[in-house]
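Asker: With the numbering used here applied, the sequence shown corresponds to residues -11 to 409, in that order.
Dumping the structure here so I can ask a few things about it.
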Amino acid sequence: MIGVGARKTHGFGSGWGAALLVAALAVVIALSPPAQAADGVAKGDSHLAFAARIAGDQMRTRVVIDFESEPSYSVHYLDDPARVIIDLPETIFGFDDDALEPRGLFRAIRYGAMGPGRSRMVLSAVGPVELEMMTVEPREDGRGHRLVFDAVATSDRRFAELVSQQDWQPTGSTAQGDEVVDTNGPTGRKPFTIVLDPGHGGIDTGARGQAGTEEKDVTLAFAKAIAAELATFENIRVVLTREDDRFIPLAGRVRIARQHEADLMMSVHADSIRLPDIRGATVYTLSDKASDRMAAELARQENSVDELAGVAATEETADVADILMDLTRRETQVFSIGLARSVLDSLRGEIRLINNAHRFAGFSVLRAHDVPSLLVELGYLSNRQDERLLNDPAWRQQTARLLAKAIQHFREQIYTAAKDL
Ligand SMILES: [Zn+2]
């Protein structure tokens, strides 16, 4: 316990750390039997935070901190790198060190004393975030209050707004986010942004062909080839979820699409299935109900990669039931289906497709409710001929060109439709 407290207050390097540590120990010891904790505010007018937890993934992360007494708070955002600052009255952080083990949207969490009467939490984020909900409410068991906040992944643009709109200067720092990212370019129109997502990576190798080909290498090579083809079109911005051999959790991939306000996301795969004769490309869009057993099985397989890589399972987020989000989702689905058709029109007659080449299933990586998304299975590593093609640079370039053309066609359709409105 002593070591834990010392490490926590160390973060801000103030002399108050040591003083508070002594106070913290005194209070923690004094309050350790819960029955004695009923008097609310801890000694010396400090607030005692006696428990904390964190849950969620890179799309939404919830933090809960239990206080003996009702705390006031204020929230600020800092850029470069993205951080959320929560200022609190003098607080003794009496919970275990590992209670706020970084996860989801936060890669580091520090907390400690800031000076007389003030404490601070600094949450370093993996990318742009916004606190969508923050509240202090009485705990159900009547023991104190609970500070709860939900961080959600947001876009670079929105985060820059949050930083610049706040009337606040961090003490002793000149690093203010006055460098607002202008993605509009000289024309004032945001470039059409495509997030290409090479499936798997790092410890998650994906499928393996009979000749030893690993899916993660195939997907990266194709994503880079598609990006190179797309670069020939004007006013298009391409973002890859990974450019090297690394593991990214599924929610992290969706988060990147949101960060860049993607107009569409294309996840690239080359899986294997139990039937070695099945070959050809398939295009998948998101659906709660799978179109067939093969699609259901593939989605199950794809959705389990986080588990294989040791990422804690995500609990269902409450926003699924949100009606507004549902409307956006339906509209996005229509766009996704349009995109799938455009891709299949472009591939048909040029490369081999499987029967019923547009299929549906509940792929986690397609769950951005506001980004038209699809998953392309280029072929199956479980089939020898497909494996050979997937390793053939000429076939790769031809297919990449067709996919880039399909994306460009889809973009033109959207712009035409928007002009007609
Ligand atoms: Zn895959």
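Virtual Cβ for every residue (Gly too), placed ideally from N, Cα, C.
All values derive from a computational prediction rather than experimental measurement.
1. Would you decide whether A141 is buried or exposed? Buried here means 16 or more other CB atoms lie within 10 Å of its CB.
2. By DSSP, does R262 sit in helix, in strand, or in coil?
3. Where do the ends of the alpha helix (DSSP H) carrying A284 lie?
4. Measuring only the C-alpha atoms, how far is L150 from Y65?
5. For the stretch 214 to 270, list the beta strand (DSSP E) runs that are entirely contained and at least 3 residues long, ordered along the chain.
6. Less than 6 Å between the CB of G194 and some heavy atom of ligand 1, yes or no?
7. Does ligand 1 have a heavy atom nearer than 6 Å to the CB of H397?
8. Kindly list the residues whose CB is nearer than 8 Å to the CB of F348, restricted to its own chain and excluding five residues on each side of it in sequence; keep chain order.
9. Note down, in chain order, each residue of its chain lying with its Cβ closer than 7 Å to the Cβ of P146, except the 5 sequence neighbours on either side.
10. Taking the C-alpha atoms as reference points, what is the distance between R48 and D380?
11. Does any heavy atom of ligand 1 sit closer than 6 Å to the C-beta of D205?
12. What do you get for S361, buried or exposed, if any count of 16 or more other CB atoms within 10 angstroms of its CB means buried?
13. Which whole-angstrom value describes the C-beta separation of V183 and V227, a residue pair presumed to lie in contact below a C-beta threshold of 8 Å?
14. Any heavy atom of ligand 1 closer than 6 Å to the Cβ of G187?
15. Please tell me whether, using a cut-off of 6 Å, the distance from the CB of D259 to the nearest non-hydrogen atom of ligand 1 is below it.
16. Distance, Cα to Cα, E56 vs V136?
17. Between the alpha carbons of T207 and G187, how many angstroms are there, rounded?
18. Please state the DSSP three-state secondary structure of T273.
19. Would you mind reading off the limits of the beta strand (DSSP E) that contains A43?
20. Do you know how far the Cα of Q46 is from the Cα of V114?
21. Does DSSP put S57 in a helix, in a strand, or in coil?
22. Considering just the uninterrupted stretch of the alpha helix (DSSP H) at D144, what are its terminal residues?
23. Could you say if the stretch 259 to 272 and the stretch 366 to 374 meet the contact criterion of at least three C-beta pairs nearer than 8 Å?
24. In the DSSP output, what is F180 paired with across the bridge?
25. Using three-state DSSP, classify T410 as helix, strand or coil.
26. Taking 8 Å as the cut-off, does the stretch 334 to 343 touch the stretch 219 to 233 (at least 3 CB pairs, one atom from each stretch)?
27. In three-state DSSP terms, what is A73?
28. Give every residue of the same chain whose Cβ lies closer than 6 Å to the Cβ of M95, excluding the five residues on either side of it in the sequence, and list them in chain order.
29. Considering only residues of the same chain and omitting the five flanking positions on each side of E400, which have a CB-CB separation below 6 Å?
30. Determine the direct distance from the alpha carbon of E375 to that of D138, and round the result to whole angstroms.
31. Checking the sheet assignment: what are the DSSP bridge partners for M109?
32. Thinking C-beta only, is A297 closer than 7 Å to I191?
33. Answer with buried or exposed for A199, where buried requires no fewer than 16 other C-beta atoms within 10 angstroms of its C-beta.
34. When the Cβ atoms of the stretch 385 to 398 are set against those of the stretch 326 to 336, are three or more pairs found closer than 8 Å?
Answerer: Result, derived from the coordinates:
1. buried
2. coil
3. 281 to 291
4. 7 Å
5. 224 to 228, 252 to 257
6. yes
7. no
8. Y272, T273, L274, S275, K277, A278, S279, A283
9. Strictly speaking, residue 146 in this sequence is Arg, with Pro absent from that position. So the qualifying residues of the chain are P116, E118.
10. 40 Å
11. no
12. buried
13. 5 Å
14. yes
15. yes
16. 14 Å
17. 6 Å
18. strand
19. 35 to 44
20. 8 Å
21. coil
22. 144 to 153
23. yes
24. I224
25. Here the chain comprises residues numbered -11 to 409, so residue 410 is not present and cannot be evaluated.
26. no
27. Sequence inspection shows Ile at residue 73; the Ala mentioned does not correspond to that position. Of the three classes helix, strand and coil, the one that applies to I73 here is strand, per DSSP.
28. One detail in the question is off: residue 95 reads as Arg in this sequence, not Met. These residues qualify, in order along the chain: S112, V114.
29. none
30. 44 Å
31. I74, Y99
32. yes
33. exposed
34. yes
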